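Undergrad: As they're listed, the protein sequences go chains A and B. Here the first sequence stands for residues 45 to 289, numbered as in our numbering. Here the second sequence stands for residues 45 to 289, numbered as in our numbering. The beta carbon of each residue, even a glycine, is placed where N, CA and C say it ideally should be. If you're wondering where the values come from, they're calculated on a predicted model, not measured in any experiment. Below is the structure I would like to discuss, written out as structure tokens.
Protein chains: 2
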Amino acid sequence: MVSKKDIKLISSLKHKKFRDLNSAFVVEGIKSISEFLISQFKLVKLFSIDCSAFDFVTNQIEVDYNELKKISFFNNPDDHLAIFEIPNKNPVDHNNLIIALESIRDPGNLGTIIRTCEWFGIKDVICSNDSVDCFNPKVIQSAMGSLSRMNVNYVDLNSYLKNTKLDLIGATLNGKSIYKTDLQFDKGILIFGNEANGVSDKLCDVLDYNLTIPRSGINDFPDSLNLSISVGIFLGEIKRKIFSD
Amino acid sequence: MVSKKDIKLISSLKHKKFRDLNSAFVVEGIKSISEFLISQFKLVKLFSIDCSAFDFVTNQIEVDYNELKKISFFNNPDDHLAIFEIPNKNPVDHNNLIIALESIRDPGNLGTIIRTCEWFGIKDVICSNDSVDCFNPKVIQSAMGSLSRMNVNYVDLNSYLKNTKLDLIGATLNGKSIYKTDLQFDKGILIFGNEANGVSDKLCDVLDYNLTIPRSGINDFPDSLNLSISVGIFLGEIKRKIFSD
């Protein structure tokens, strides 16, 4: 049975302020919870309709469907809901390609980007401080477990990029075609801007490379690609070299 | 002012059954509505907080924010909401590359795929009959106007693919690497499966090419890429030839 205290805590974890205050966040669904359980993340408490699914977990509370529906952030909850501790961040590994996101707003995009990054072997995502929180429930949901293995840091992106010696590659709408550039980047920072405004002028000023996915439609629509699609195409194109050798 | 009849009609258009019954669907937001207005789609009625934005539209009703909030499908409605007629479908153009989607469920994915397809010059998307409806409000939202220029047909995909002479290229998890294949497809049908299950065995049996975006991460995670990301990477890779020549 879920206590009133737990209900209050879980409900508060919908909001970043309370996630920070409690150093905790919520993961839902058997697949994601399984992946967080075998990661570095530390479980606080698990609420299950069917405790046998995670019978090795001691800190587990059996609940019925109505209780789960009460604590879940989704309309159709899966059978399990877990609270995990927010861990300390690891330092960024500068020997690999890093993805930087400026003022990203859409949690679904951030989650999908984290999942895509993992597919392509990226270990570090850095976000500007005003970006959506990576422990937002919708990020967790769309990252499908990949967040448990990705190092996501929040930084003053402007000053971070000014102070690094790594190659800075920006994804913009007016750069050189990625298909006419030899994208041999096994390190460096690949920078994507906000969904509506793209990479800001301030950050454009510090780029070493300004690259674009060319549009091949016959008219001037759409204005742009979805942000996570752009990340996928850039990473595919950068990694292509490895696979086609 | 919005009439009770209009409120009832708009609310019903959230559901496919009533969209089909009324041959109508809802578009929200100035950008998408603008694009539908200059397309082949026929406006039924426009509800605006600021009528001057579309002063050329005669069939327009001025509303206040509270009225708009009442009829909008979203929590934070934009200033305009329009009802458009569902048009007759155009036949599929077999002289271009066509995207086929099997049992796609997520409206956000379908919308993003339609937007991505337009970016890469695709004109036709065909969906299996059990796929999410392209006039679903979330599809319209994530397609960002691109649906107004895309020909989306719903078919018995199995029999459609069996009866075509076009090349059938399937995106699966166990095919040949797209980076080791010469993707010279200016026509043919590129087939993507359901979010959870991929291309079904039935459809796999009729494929001419079985292709995969290879994973470059060090472990076996994630299981797969998001569906719309896969479409983006496949299209980028197919179109790369055009741009790099």
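How many Å lie between R63/B and E129/B at the Cα?
TA: To locate residue 63/B, count along the second sequence from 1; it is residue 19. To locate residue 129/B, count along the second sequence from 1; it is residue 85. Their backbone Cα atoms lie some 9 angstroms apart in a straight line.
Undergrad: Is there a Cβ from chain A that is less than 9 angstroms from the Cβ of Y253/B?
TA: Here residue 253/B refers to the residue found at position 209 when the second sequence is read from its first residue. Not one chain A Cβ lies under 9 angstroms of Y253/B.
Undergrad: When you compare the CB of R149/A with every CB in chain B, is at least one pair closer than 9 angstroms?
TA: Translated into the one-based positions of the first sequence, residue 149/A becomes position 105. R149/A does not count as touching chain B.
Undergrad: What residue does the alpha helix (DSSP H) around F278/A start on, and which one ends it?
TA: Sequence index remark: in the first sequence, residue 278/A carries index 234 (1-based). Segment L271 to S288, the alpha helix (DSSP H) holding F278/A.
Undergrad: What does the alpha-carbon distance come out to for the pair L255/B and N180/A?
TA: Here residue 255/B refers to the residue found at position 211 of the second sequence. Here residue 180/A refers to the residue found at position 136 of the first sequence. Cα to Cα, the separation comes out at about 34 angstroms.
Undergrad: I'd like the span of the beta strand (DSSP E) that includes N139/B, first residue to last.
TA: Indexing the second sequence from 1 puts residue 139/B at position 95. No beta strand (DSSP E) holds N139/B; DSSP gives it neither H nor E.
Undergrad: Who are the Cβ neighbours of N134/A in its own chain at under 6 angstroms, not counting the five residues just before and after it?
TA: Within the first sequence, residue 134/A is the residue found at index 90, counting from 1. The residues are N195.
Undergrad: Using a beta-carbon distance below 9 angstroms, is P290/A in contact with chain B?
TA: Since the first residue shown for chain A is 45 and the last is 289, residue 290/A is missing from the structure and cannot be characterised.
Undergrad: Give the residues of chain A in contact with E162/B, contact being defined as C-beta atoms less than 7 angstroms apart.
TA: The residue you call residue 162/B lines up with position 118 of the second sequence. Ordered by position in chain A, the residues that pass the 7 angstroms Cβ test against E162/B are G261, F265 and P266.
Undergrad: Starting from the Cα of I93/B, find the closest Cα among V243/B, E72/B and P266/B and give me that residue.
TA: Here residue 93/B is taken as the residue at index 49 of the second sequence, counted from 1. Nearest of V243/B, E72/B and P266/B to I93/B, Cα basis: E72/B.
Undergrad: Does any C-beta atom of chain B lie closer than 9 angstroms to the C-beta of N180/A?
TA: Indexing the first sequence from 1 puts residue 180/A at position 136. With 9 angstroms as the cut-off, N180/A does not count as an interface residue toward chain B.
Undergrad: Report the three-state DSSP secondary structure of D226/B (helix, strand or coil).
TA: Within the second sequence, the letter at position 182 stands for residue 226/B. Coil.
Undergrad: Can you give me the C-alpha to C-alpha distance between N173/A and G189/A, rounded to a whole angstrom?
TA: Within the first sequence, numbered from 1, the residue matching residue 173/A stands at position 129. Within the first sequence, numbered from 1, the residue matching residue 189/A stands at position 145. One C-alpha to the other measures close to 23 angstroms.
Undergrad: Residues in the segment 77–101 of chain B with C-beta within 9 angstroms of chain A's C-beta atoms, listed in sequence order?
TA: Taking 9 angstroms as the Cβ-Cβ cut-off against chain A, the residues of the segment 77–101 of chain B that qualify are E79.
Undergrad: Could you please give me the residues that DSSP links to V71/B through a beta bridge?
TA: The residue labelled residue 71/B in the question sits at position 27 within the second sequence. Paired residue(s): A126/B.
Undergrad: Could you give the residue range of the alpha helix (DSSP H) that holds E239/A?
TA: As a working note, residue 239/A is residue 195 in the first sequence. Run containing E239/A: none; DSSP gives neither H nor E here.
Undergrad: Is the separation between the beta-carbon of P258/A and that of F278/B shorter than 9 angstroms?
TA: By 1-based counting over the first sequence, the position of residue 258/A is 214. By 1-based counting over the second sequence, the position of residue 278/B is 234. Against a cut-off of 9 angstroms, the Cβ pair of F278/B and P258/A comes out as no contact.
Undergrad: Using a cut-off of 7 angstroms between C-beta atoms, extract the partners of T156/B located in chain A.
TA: Sequence index remark: in the second sequence, residue 156/B carries index 112 (1-based). The contacting residues are N270 and I273.
Undergrad: Are the beta-carbon atoms belonging to L141/B and L234/B less than 9 angstroms from one another?
TA: Stepping through the second sequence from its first residue, residue 141/B is reached at position 97. Stepping through the second sequence from its first residue, residue 234/B is reached at position 190. The answer is yes: Cβ separation under 9 angstroms.
Undergrad: Can you pull the chain A residues whose beta carbon is under 7 angstroms from the beta carbon of K220/B, in chain order?
TA: Position 176 of the second sequence, counted from the first residue, corresponds to residue 220/B. Near K220/B there are no residues of chain A at all, since even the closest Cβ is about 11 angstroms away, more than 7 angstroms.
Undergrad: Is the segment 50–58 of chain B close to the segment 211–222 of chain B, with three or more CB pairs under 8 angstroms?
TA: With a cut-off of 8 angstroms, the segment 211–222 of chain B and the segment 50–58 of chain B do not count as touching, because too few Cβ pairs lie within range.
Undergrad: If you measure beta-carbon to beta-carbon, which residues of the segment 191–205 of chain B are closer than 7 angstroms to chain A?
TA: Residues passing the 7 angstroms Cβ filter: R193.
Undergrad: At what residues does the beta strand (DSSP E) containing K89/A begin and finish?
TA: In the first sequence, counting from the first residue as 1, residue 89/A sits at position 45. Looking at the DSSP string, the run of the beta strand (DSSP E) that includes K89/A is L87 to S92.
Undergrad: Just to make sure I have the definition right: I need the residues of chain B whose C-beta is within less than 9 angstroms of the C-beta of G152/A. Which are they?
TA: Residue numbering aside, residue 152/A sits at position 108 when the first sequence is read from its first letter. Correct list: G152.
Undergrad: By a C-beta neighbour count over all protein chains shown, 10 Å radius and 16 as the cutoff for buried, is Y109/A buried or exposed?
TA: By one-based count along the first sequence, residue 109/A stands at place 65. Burial call: exposed.
Undergrad: Return the chain-ordered ranges of every alpha helix (DSSP H) run that is complete within the segment 184–215 of chain B and spans a minimum of 4 residues.
TA: DSSP runs (the alpha helix (DSSP H)) wholly in the segment 184–215 of chain B: 201–206.
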